[in-house]
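Student: Protein chains in written order, with this note's numbering: chain A, 417 to 640; chain B, 417 to 640.
Ideal Cβ positions, reconstructed from N, Cα and C, are used throughout, including at glycine.
There are 2 protein chains.
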Amino acid sequence: MIHLDMVGKAYQMGSETVHALRNVNLTIESGDYIAVIGPSGSGKSTLMNIVGCLDTATHGRYTLADHEVARLSGDRLAEVRNATIGFVFQTFNLLPRLSARENVELPLIYAGMSKSDRRKRSEVMLRRVGLEDRMRHKPNELSGGQRQRVAIARALATSPAVLLADEPTGALDTHTGLEIMRLLEDLNTEGTTLILVTHDHELAMRAHREIRLRDGEIVHEEIR
Amino acid sequence: MIHLDMVGKAYQMGSETVHALRNVNLTIESGDYIAVIGPSGSGKSTLMNIVGCLDTATHGRYTLADHEVARLSGDRLAEVRNATIGFVFQTFNLLPRLSARENVELPLIYAGMSKSDRRKRSEVMLRRVGLEDRMRHKPNELSGGQRQRVAIARALATSPAVLLADEPTGALDTHTGLEIMRLLEDLNTEGTTLILVTHDHELAMRAHREIRLRDGEIVHEEIR
Ligand SMILES: Nc1ncnc2c1ncn2[C@@H]1O[C@H](COP(=O)(O)OP(=O)(O)OP(=O)(O)O)[C@@H](O)[C@H]1O
Ligand SMILES: Nc1ncnc2c1ncn2[C@@H]1O[C@H](COP(=O)(O)OP(=O)(O)OP(=O)(O)O)[C@@H](O)[C@H]1O
Ligand SMILES: [Mg+2]
Ligand SMILES: [Mg+2]
Numbered sequence: 417m418i419h420l421d422m423v424g425k426a427y428q429m430g431s432e433t434v435h436a437l438r439n440v441n442l443t444i445e446s447g448d449y450i451a452v453i454g455p456s457g458s459g460k461s462t463l464m465n466i467v468g469c470l471d472t473a474t475h476g477r478y479t480l481a482d483h484e485v486a487r488l489s490g491d492r493l494a495e496v497r498n499a500t501i502g503f504v505f506q507t508f509n510l511l512p513r514l515s516a517r518e519n520v521e522l523p524l525i526y527a528g529m530s531k532s533d534r535r536k537r538s539e540v541m542l543r544r545v546g547l548e549d550r551m552r553h554k555p556n557e558l559s560g561g562q563r564q565r566v567a568i569a570r571a572l573a574t575s576p577a578v579l580l581a582d583e584p585t586g587a588l589d590t591h592t593g594l595e596i597m598r599l600l601e602d603l604n605t606e607g608t609t610l611i612l613v614t615h616d617h618e619l620a621m622r623a624h625r626e627i628r629l630r631d632g633e634i635v636h637e638e639i640r
Numbered sequence: 417m418i419h420l421d422m423v424g425k426a427y428q429m430g431s432e433t434v435h436a437l438r439n440v441n442l443t444i445e446s447g448d449y450i451a452v453i454g455p456s457g458s459g460k461s462t463l464m465n466i467v468g469c470l471d472t473a474t475h476g477r478y479t480l481a482d483h484e485v486a487r488l489s490g491d492r493l494a495e496v497r498n499a500t501i502g503f504v505f506q507t508f509n510l511l512p513r514l515s516a517r518e519n520v521e522l523p524l525i526y527a528g529m530s531k532s533d534r535r536k537r538s539e540v541m542l543r544r545v546g547l548e549d550r551m552r553h554k555p556n557e558l559s560g561g562q563r564q565r566v567a568i569a570r571a572l573a574t575s576p577a578v579l580l581a582d583e584p585t586g587a588l589d590t591h592t593g594l595e596i597m598r599l600l601e602d603l604n605t606e607g608t609t610l611i612l613v614t615h616d617h618e619l620a621m622r623a624h625r626e627i628r629l630r631d632g633e634i635v636h637e638e639i640r
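Put into structure tokens, the structure is as follows:
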């Protein structure tokens, strides 16, 4: 399903090179549940952005569902990504002028869903993350954790085959965070491939597989 | 030092009223170390923004260092705030076109510090949060946790009397988070009033006093 072969990401900063990722070899099968952990700056978000087709590797090869991603045109890449991947960003990335519900409907518009179906679907997703009475609020009228939950609802709206979640409970209290984890794990049980970045070792322990990054490299892998 | 008397914050949303805070009575003495906890959406950031003079209450009275805050002019309020308070925002709020070091220097420019003193001071602060080799990076060239640490360095740069930190370790791995906590606690030992919002119950237990919010109200207070 997902195959990274000697993948690296380097940034040139004047005379210095920052190696955000180096020599990553990783295979993820359909339906896997994987936690990615590691210190601040170790390359977790960089890895997620490459897997999610939001960024390109500078070294190595990335294959997604038999597509060699570097060979796809911009349009074709966007098509594959929108059809396959749901992404919860570390910084949420909501559109500030749209309400919570309109933000969740956005990927459904791209998926060609009818207006009334979109409306129903976005309401269902927002209810699932506990925001049924915040649907009309814009992002600046929501708390940090509420914005994070809108981002989660949006990522789940298209029932993606692969869900990438970059610290999906980072802004949530323990109780709300556990509700979200149960929601994500239910989806995994139903077949969604779940890859999540977390700083919380207790949450990482729930995954079936744990990958640890340090300085851009995989230094440890555990299968349960 | 800080005195909230029946403070409330209400938002009018069409025909509905959202009570983000209600009937908050709170006194904080100089040098206190307080943790504010509570579920997502319970009013923690709203409380911090009012205490930090970044937002105004719709009910009640807020007194800071003997100033009745609602009575201060916009300019005088900014003066008092810049002289007294350091703020780590839940969403960091860095200026995207400035480097990490320039972001940290900003409050020092307002404080009238000379260029060479600002340069030295910002480098010291960034070193203290472990970012000595990221000083020239702009926010979009930094990881989530690195941005958070720049926001912390910036808040500490003026050695404020009161430090308000809205989830200062939310984007950090456990190890880096504990280093930051020790840095903040050292400052508290030296006299800085420390008020921090956290979702982490273990971190909250380190404070000398814990305030729990639910639905905009203080429902529990513990002194250790
Ligand atoms: N501008 C606004 N208009 C309407 N409602 C608002 C506005 N700003 C905040 N709220 C509401 O006020 C409540 C408190 O928000 P606040 O940001 O203080 O919560 P919080 O405790 O910091 O939550 P979190 O832990 O998720 O960061 C939330 O329910 C939020 O939806
Ligand atoms: N555009 C860029 N230019 C230069 N360096 C960058 C750029 N983007 C990221 N980096 C660097 O790459 C490294 C990895 O960043 P990344 O965001 O993947 O870390 P992370 O593991 O997600 O960290 P965190 O836990 O703090 O979110 C960091 O040291 C960061 O400074
Ligand atoms: Mg990250
Ligand atoms: Mg908040």
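1. Please decide whether residue 588(B) counts as near chain A, where near means a Cβ-Cβ distance under 7 Å.
2. Can you list the alpha helix (DSSP H) stretches of 4 or more residues lying completely in the stretch 437-519 of chain B, in chain order?
3. Whole angstroms are fine: how far does the CA of residue 564(B) sit from the CA of residue 617(B)?
4. Just the chain B side, please: which residues come within less than 7 Å of residue 457(A) by C-beta, in chain order?
5. Under 6 Å: does the beta carbon of residue 560(A) sit that close to some heavy atom of ligand 4?
6. Answer yes or no: do residue 561(A) and residue 587(A) have a C-beta to C-beta separation smaller than 7 Å?
7. Between which two residues does the beta strand (DSSP E) carrying residue 618(B) extend?
8. Once DSSP output is grouped into helix, strand and coil, what is the label at residue 585(A)?
9. Determine the chain A residues that contact residue 591(B) at a beta-carbon separation under 8 Å, and present them in chain order.
10. Going by beta-carbon coordinates alone, are residue 550(A) and residue 516(A) separated by less than 7 Å?
11. Using a Cβ cut-off of 9 Å, which residues of the stretch 460-476 of chain A contact any Cβ in chain B, in chain order?
12. What distance in whole Å lies between the Cβ atoms of residue 474(A) and residue 430(A), which are believed to be in contact at a cut-off of 8 Å?
13. Okay, do the stretch 621-637 of chain A and the stretch 451-468 of chain A touch, 3+ Cβ pairs below 8 Å being the bar?
14. Looking at the unbroken beta strand (DSSP E) that takes in residue 423(B), where does it start and where does it end?
15. Heavy atom of ligand 5 less than 6 Å from the Cβ of residue 458(A), yes or no?
16. Relative to ligand 2, is the shortest distance from any of its heavy atoms to the C-beta of residue 557(B) smaller than 6 Å?
17. When you measure from the CB of residue 564(A) to every non-hydrogen atom of ligand 3, does any distance come out below 6 Å?
18. Note down, in chain order, every chain A residue with its Cβ under 9 Å from the Cβ of residue 428(B).
19. Do residue 529(B) and residue 569(B) have their C-beta atoms within less than 7 Å of each other?
20. Check the Cβ of residue 617(B) against every Cβ in chain A and list those closer than 8 Å, keeping chain order.
21. Which residue or residues does DSSP assign as beta-bridge partners of residue 433(B)?
22. Return the CA-CA distance between residue 583(B) and residue 456(A), expressed in angstroms with no decimal places.
Tutor: On the basis of the coordinates in this document:
1. yes
2. 460-467, 490-500
3. 20 Å
4. 559, 561, 562
5. yes
6. yes
7. No beta strand (DSSP E) holds residue 618(B); the alpha helix (DSSP H) holding it covers 617-620.
8. coil
9. 455
10. yes
11. 460, 461, 462
12. Not confirmed; about 17 Å, so no contact.
13. yes
14. 418-429
15. No copy of ligand 5 occurs in the structure displayed; its ligands are ligand 1, ligand 2, ligand 3 and ligand 4 alone.
16. yes
17. no
18. Ordered by position in chain A, no residue passes the 9 Å Cβ test against residue 428(B), which lies about 11 Å from the chain.
19. no
20. 590
21. 428(B)
22. 16 Å
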